[in-house]
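In our numbering, the protein residues as written are 39 to 492.
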């Protein structure tokens with residue numbers, strides 16, 4: 039009896055371990071490749087925030103391409119055909135190894151090197167990075183067809199993927215880079231990529247066997263259960279909830295590198311918090327964590343806005359950094375929590391991830407190619423903080439058209455004070471305190487029938 043129970047439990051856990059482990063390895067390879075190739079580029083371009091942001095745009099664009107491929111493949115082909123096509127792609131991608139800079143890689147001596155950098159990245163790592171990018175949505179979609187008891191909600195596997203990303207992000211600068219040379223890093227990465235291809239093929243075999251075991255009499259019933267596509271409004275909501283954190287990530291990275299402290303590897307901190315938020319919102323504790331984050335966000339942001347934007351000079355740099363990171367983490371936790379809460383049926387899983395990756399790409403493009411030409415400072419960062427507040431749950435419920443009135447009035451009052459007095463800074467603390475008190479009072483009575491909270 040005990041042996042039978044253990045065998046059943048093992049058979050239930052095995053697919054989860056296989057698929058989660060494959061996603062974990064895939065994400066690790068992705069986040070090791072990024073800094074490793076950055077080290078190859080460092081002698082040519084340096085490590086400025088502009089170079090980092092351009093690399094991020096490239097990675098987000100290829101990620102979007104991988105998600106688009108996964109969506110196209112799973113929506114246009116049957117499962118067995120998907121396995122055949124993707125296996126052929128895996129084999130073809132092996133010819134791109136080992137990853138290396140092109141022999142004639144010389145950046146331009148004049149002008150902006152961004153386009154040269156993107157082209158060089160594409161030639162050097164485009165193919166393997168593309169294949170790695172397809173893994174998260176494709177394997178989650180395959181898992182949803184596996185017939186496992188948890189196949190009805192495969193999104194929790196995304197937490198394993200982001201855990202792999204987080205481990206790679208933290209281990210590379212502190213463990214891998216100091217102890218392993220670039221030549222060996224490239225070799226080990228290529229070996230890891232080969233291992234990933236084998237794991238993906240094993241996942242494909244598991245899916246193929248599952249398909250073969252399905253009773254033919256059940257197939258018409260499964261096919262009949264067609265889930266309606268998400269409405270456009272919901273897709274735009276996903277887009278906004280993913281776009282704002284993506285832009286905030288780059289905005290905060292740029293801000294702390296230029297305005298707070300130019301410390302090496304400081305860029306790791308925002309990205310670590312970004313990945314951690316995905317791990318938490320797609321975990322089994324998400325339903326308990328999310329309400330607390332939503333409740334805590336306004337209180338922290340009031341303090342954050344008061345000290346970091348109204349009068350930042352009063353804080354030491356380390357405390358300013360902590361406050362920025364705390365506000366950033368709470369903000370993206372609310373956005374990503376709402377994103378996870380509104381995820382669709384697994385039938386539209388790849389569509390959901392496609393919108394997410396498209397939003398991430400748009401955020402990178404906005405911060406890298408639009409904001410520097412529109413703003414003369416890092417204004418995109420506070421703008422996205424405001425946008426995140428507008429995306430808080432409940433904003434579009436009830437009298438949503440009235441809700442922008444109060445912040446709009448505050449904005450008009452702020453402009454009136456700014457342009458109407460020459461002694462603004464003498465009264466800055468008083469004005470800031472009054473606005474914070476008024477905003478806090480308004481938030482506290484937002485459910486009042488008098489409508490003070492609008």
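Here a beta-carbon is modelled for each residue, glycine too, at the ideal position from N, C-alpha and C. All values reported here derive from a predicted model rather than from experimental measurement.
Query	Result
Stretch-stretch touch, CB-based, cutoff 8 angstroms, three pairs: the segment 400 to 415 with the segment 193 to 212	no
Every unbroken alpha helix (DSSP H) within the segment 84 to 113, with a cutoff of 4 residues, ordered by chain	none
Range of the contiguous alpha helix (DSSP H) that encloses residue 200	195 to 209
Rounded distance between the beta-carbons of residue 57 and residue 104, thought under 8 angstroms	Actually they are not in contact, since the Cβ atoms of residue 104 and residue 57 sit about 17 angstroms apart, beyond 8 angstroms.
Three-state secondary structure assigned by DSSP to residue 415	coil
4-residue-minimum alpha helix (DSSP H) runs that sit fully inside the segment 351 to 430, ordered along the chain	355 to 379, 387 to 403, 409 to 412, 418 to 428
At least 3 beta-carbon pairs within less than 8 angstroms: the segment 148 to 159 vs the segment 209 to 226	no
Residue 289 burial status per 10 Å Cβ neighbour count (16 or more: buried)	buried
Residue 185 versus residue 358 - alpha carbon distance	50 angstroms
Counted within 10 angstroms of its Cβ, other Cβ atoms place residue 260 as buried (16 or more) or exposed	Below a pLDDT of 50, predicted positions are generally treated as unreliable, and residue 260, at 45, falls in that range; no measurement from the model is reported.
For residue 63 and residue 407, the rounded distance between their alpha carbons	32 angstroms
Inter-residue spacing [alpha-carbon to alpha-carbon] between residue 384 and residue 112	12 angstroms
As assigned by DSSP and simplified to three states, the class of residue 188	coil
Span separating the alpha-carbon of residue 100 from that of residue 170	10 angstroms
The segment 190 to 202 touching the segment 117 to 137, judged by at least three CB pairs closer than 8 angstroms	no
Straight-line gap, residue 425 to residue 279 (C-alpha atoms, nearest Å)	10 angstroms
8 angstroms contact criterion, which residue 175 and residue 388 should meet: CB distance rounded	5 angstroms
Buried or exposed (CB count within 10 angstroms, at least 16 for buried), residue 375	buried
8 angstroms Cβ shell around residue 377 - same chain, five flanking residues per side excluded	276, 279, 280, 319, 394
Range of the contiguous alpha helix (DSSP H) that encloses residue 310	306 to 319
Beta-carbon spacing of residue 61, residue 198 below 8 angstroms	yes
Sub-8 angstroms separation of residue 338 and residue 314 beta-carbons	no
Option in 53, 420, 271 with minimal Cα separation from residue 15	With the chain running from 39 to 492 in the structure shown, residue 15 is simply not present.
Buried versus exposed, by CB contacts within 10 Å (16 or more), residue 372	buried
Residue 93 classed as buried or exposed, judged by whether at least 16 other C-beta atoms fall within 10 angstroms	buried
Proximity to residue 227 [Cα-Cα], best of 69, 423, 386	69
C-alpha gap between residue 133 and residue 145, whole angstroms	26 angstroms
DSSP three-state assignment for residue 115, whether helix, strand or coil	coil
Residue 330, buried or exposed, once every other Cβ within 10 Å from all chains shown has been counted against 16	exposed
Cβ-Cβ distance between residue 172 and residue 108 below 8 angstroms	yes
Beta-carbon proximity check, residue 245 vs residue 121, cutoff 8 angstroms	yes
Cβ neighbours of residue 82 in the same chain (closer than 6 angstroms, five flanking residues each side left out)	145
Extent of the continuous alpha helix (DSSP H) to which residue 296 belongs	Note, residue 296: premise wrong, no alpha helix (DSSP H); not H, not E.
Same chain, Cβ closer than 7 angstroms to residue 304, five either side skipped, listed in chain order	294, 295
Residue nearest to residue 234 in terms of C-alpha spacing, selected from 140, 202, 214, 366	202
Distance CB(residue 242)-CB(residue 125) smaller than 8 angstroms	yes
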